[in-house]
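Chains as they are written, first to last, in the working numbering: chain A, 9 to 72; chain B, 4 to 145.
Virtual Cβ for every residue (Gly too), placed ideally from N, Cα, C.
Step one of this worksheet: look at the structure below.
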């Protein structure tokens, strides 16, 4: 989660939101949240789980 | 009930004492979605306020205020973590229970840094972004 927040603070282009899946079950279902952390870029589910910073950046930027 | 155990509170006070700039927590409250069964009769908005006010008490640089259905918040309750009171697009939607309280504390620490803590190559990559990017991370309180 912190990596996403760091990206949000570092770039005015990036909005980073943590979403508590149990409190928003409808959205969680739409985003097919079966495991956490579930990473979604521009409304499109991408992957589950923590990855190192370089891989995180590579994945979010290639999804953008 | 205390927000943190005594040793955790001491550590968080130390982190917050080292913040290099003020951090505002803007708590947005409004109509709440019905959560999954098991949440009981929790008033999520009131609990979010209790959590954020509790954190603000742990550092002079951390402040907290509440707004009813402010613009830019699609879900309630939520908290916007704002370095120097500026909206930098970092938000936590829902109540940061348990382990996730650490994520909110981490966000405050990050917001309080004068310089980003990402690697230089990561900052360079983000600097090349030519459009907005919405990054959502779904979490649970376990």
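Where the alpha helix (DSSP H) through residue i begins and ends
i             : result
residue 25/A  : Segment 22-28 is the beta strand (DSSP E) holding residue 25/A; no alpha helix (DSSP H) there.
residue 102/A : Here chain A covers residues 9 to 72 and nothing more, so residue 102/A does not appear.
Three-way DSSP call (helix, strand, coil) for residue i in this model
i             : result
residue 66/B  : strand
residue 106/B : helix
residue 62/A  : helix
residue 70/A  : helix
residue 85/B  : strand
residue 60/B  : coil
residue 19/B  : helix
residue 26/B  : strand
residue 117/B : coil
Residues that residue i contacts on chain B, provided the C-beta gap is smaller than 8 Å
i            : result
residue 34/A : 36
Cross-chain neighbours of residue i in chain A, by beta carbon under 8 Å
i             : result
residue 143/B : 28, 29, 30, 44
residue 31/B  : Per Cβ cutoff of 8 Å: no residues; residue 31/B is ~12 Å from chain A at best.
CB contact check: residue i to chain A, cutoff 8 Å
i            : result
residue 86/B : yes
residue 46/B : no
residue 53/B : no
residue 74/B : no
Where residue i meets chain B, residues with beta-carbon distance less than 9 Å
i            : result
residue 59/A : Those do not exist, as residue 59/A stays about 12 Å from chain B at its closest Cβ, beyond 9 Å.
Endpoints, beta strand (DSSP E) assigned at residue i
i             : result
residue 36/B  : From DSSP, residue 36/B is part of no beta strand (DSSP E); its letter is neither H nor E.
residue 55/A  : 52-56
residue 136/B : 136-142
Short CB-CB distance (under 8 Å) between residue i and chain B
i            : result
residue 70/A : no
residue 67/A : no
Proximal chain A residues relative to residue i, where beta-carbon distance stays under 7 Å
i             : result
residue 108/B : Per Cβ cutoff of 7 Å: no residues; residue 108/B is ~10 Å from chain A at best.
Say whether the segment 35-46 of chain A touches the segment 107-118 of chain B, bearing in mind that this needs 3 or more beta-carbon pairs closer than 8 Å, one atom from each stretch. Counting C-beta pairs with one atom in each stretch, the segment 35-46 of chain A and the segment 107-118 of chain B have fewer than three that are closer than 8 Å, which means they do not touch.
Decide if the segment 123-130 of chain B is in contact with the segment 53-60 of chain A; the criterion is three or more beta carbon pairs, one per stretch, under 8 Å apart. At 8 Å Cβ cutoff, the stretches do not touch.
Evaluate contact between the segment 73-90 of chain B and the segment 19-31 of chain B, counting only Cβ atoms and requiring at least three cross-stretch pairs below 8 Å. Output reads yes: the segment 19-31 of chain B touches the segment 73-90 of chain B.
So, does the segment 63-70 of chain A touch the segment 52-65 of chain B, judging by three or more C-beta pairs under 8 Å? Under the Cβ criterion (8 Å, minimum of three pairs), the segment 63-70 of chain A does not count as touching the segment 52-65 of chain B.
Spell out a yes or no on whether the segment 45-52 of chain B and the segment 132-140 of chain B are touching, meaning 3 or more CB-CB pairs, one atom from each, closer than 8 Å. The answer is no - the segment 132-140 of chain B does not touch the segment 45-52 of chain B, with fewer than three Cβ pairs under 8 Å.
At least 3 beta-carbon pairs within less than 8 Å: the segment 25-39 of chain A vs the segment 89-101 of chain B: Yes, the segment 25-39 of chain A is in contact with the segment 89-101 of chain B.
May I ask you to verify whether the segment 12-29 of chain A touches the segment 57-76 of chain B, counting CB pairs closer than 8 Å and requiring at least 3? Segments in contact, no.
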